[in-house]
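Here is the structure we will look at, set down as structure tokens.
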Amino acid sequence: GAGVSQSPRYKVAKRGQDVALRCDPISGHVSLFWYQQALGQGPEFLTYFQNEAQLDKSGLPSDRFFAERPEGSVSTLKIQRTQQEDSAVYLCASSLSIGGYADTQYFGPGTRLTVL
Amino acid sequence: AQSVTQLDSQVPVFEEAPVELRCNYSSSVSVYLFWYVQYPNQGLQLLLKYLSGSTLVKGINGFEAEFNKSQTSFHLRKPSVHISDTAEYFCAVSDRPSGNTPLVFGKGTRLSVIA
């Protein structure tokens, strides 16, 4: 079946612009995560959804970052007034259940954001 | 907070030679460990995971890892690498085994297999 998809794959923004990054999780997956991967670093957690509920947003670096998943499937990560330090690859991951033992997170290919 | 240290940022190795990628984690009462691989322009793919039971875990593509609680390590090994194993490898830790828990990743190790 289809995996996690993300769009756009590449995004170039001028400093100060707003951007929206989309994630389509695997159909039926309840849990959805956003991670940020800076150049040369491992992914870092941003936020977590269980269906449409945002249960953890402790990793969002500032109030310029906002995520939503209104219908419990597709999710959008929005960054307002982008800054150069926002340049990174944004990864989306989904998993099947809300707490199933041995459940696995499946990752999308990521969106590479470059802020000029 | 949990943390993961991958001691080597880059590991070059000749084709058909063995390889070990090192991973150490911060000690915790409960720990669950993962290795992911990232090929260029692709998402992370799960290689293997340790949740409980046998400390030697076998994964895909001939990789295996051993959980060592006393040394707080979870090193990844392969007895004979192939050119196609060239990729970035990430070790990750979670404090719960379920799929609804954020993962904490190391900085990654770039494996380069030389023909």
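Residue numbers (my numbering), protein chains in the order written: chain A, 1 to 116; chain B, 117 to 231.
Quick reminder that beta carbons are idealized off the backbone N, C-alpha and C, glycines included.
Once DSSP output is grouped into helix, strand and coil, what is the label at residue i?
i	result
residue 216 of chain B	coil
residue 79 of chain A	strand
residue 144 of chain B	coil
residue 136 of chain B	strand
residue 176 of chain B	helix
residue 200 of chain B	helix
residue 68 of chain A	strand
residue 84 of chain A	helix
residue 155 of chain B	coil
residue 225 of chain B	strand
residue 165 of chain B	strand
residue 211 of chain B	coil
residue 193 of chain B	strand
residue 109 of chain A	coil
residue 18 of chain A	coil
residue 91 of chain A	strand
residue 104 of chain A	coil
residue 11 of chain A	strand
residue 186 of chain B	coil
residue 24 of chain A	strand
residue 56 of chain A	strand
residue 181 of chain B	strand
State the CB to CB distance for the pair residue i and residue j, rounded to an integer number of angstroms; the pair is presumed to be in contact (CB under 8 Å).
i	j	result
residue 75 of chain A	residue 67 of chain A	6 Å
residue 31 of chain A	residue 48 of chain A	7 Å
residue 82 of chain A	residue 17 of chain A	6 Å
residue 103 of chain A	residue 215 of chain B	3 Å
residue 148 of chain B	residue 212 of chain B	7 Å
residue 109 of chain A	residue 118 of chain B	26 Å between Cβ atoms; not a contact.
residue 42 of chain A	residue 222 of chain B	5 Å
Would you mind working out which of the options sits nearest residue i, comparing C-alpha positions?
i	options	result
residue 91 of chain A	A/40, A/57, A/56, A/35	A/35
residue 179 of chain B	B/161, B/188, B/213, B/186	B/161
residue 191 of chain B	B/132, B/165, B/203	B/165
residue 139 of chain B	B/197, B/150, B/132, B/231	B/150
residue 33 of chain A	A/109, A/105, A/114	A/105
residue 21 of chain A	A/50, A/80, A/43, A/85	A/80
residue 56 of chain A	B/147, B/201, B/182, B/218	B/218
residue 177 of chain B	B/213, B/220, B/167, B/196	B/196
residue 207 of chain B	B/132, B/117, B/131, B/153	B/153
residue 107 of chain A	A/12, A/94, A/113	A/94
residue 69 of chain A	A/25, A/60, A/97, A/96	A/25
residue 155 of chain B	B/230, B/202, B/175, B/221	B/202
residue 85 of chain A	A/7, A/53, A/13	A/13
residue 124 of chain A	A/73, A/65, A/60	No statement about residue 124 of chain A is possible, as the shown extent of chain A runs from 1 to 116 and does not include it.
Label residue i either buried or exposed according to how many other C-beta atoms from any shown protein chain fall within 10 Å of its C-beta, with 16 as the threshold for buried.
i	result
residue 194 of chain B	buried
residue 198 of chain B	exposed
residue 137 of chain B	buried
residue 39 of chain A	exposed
residue 224 of chain B	buried
residue 228 of chain B	exposed
residue 77 of chain A	buried
residue 15 of chain A	exposed
residue 45 of chain A	buried
residue 181 of chain B	buried
- Tell me, please, whether the segment 132 to 150 of chain B touches the segment 170 to 188 of chain B by the rule of three or more beta-carbon pairs shorter than 8 Å. Contact check between the segment 132 to 150 of chain B and the segment 170 to 188 of chain B: three or more CB pairs, one atom from each, fall below 8 Å, which counts as touching.
- Message: For the segment 120 to 127 of chain B against the segment 46 to 64 of chain A, do three or more pairs of beta-carbon atoms, one drawn from each stretch, fall closer than 8 Å, so that the two count as touching?
- Response: Not touching, per the Cβ criterion.
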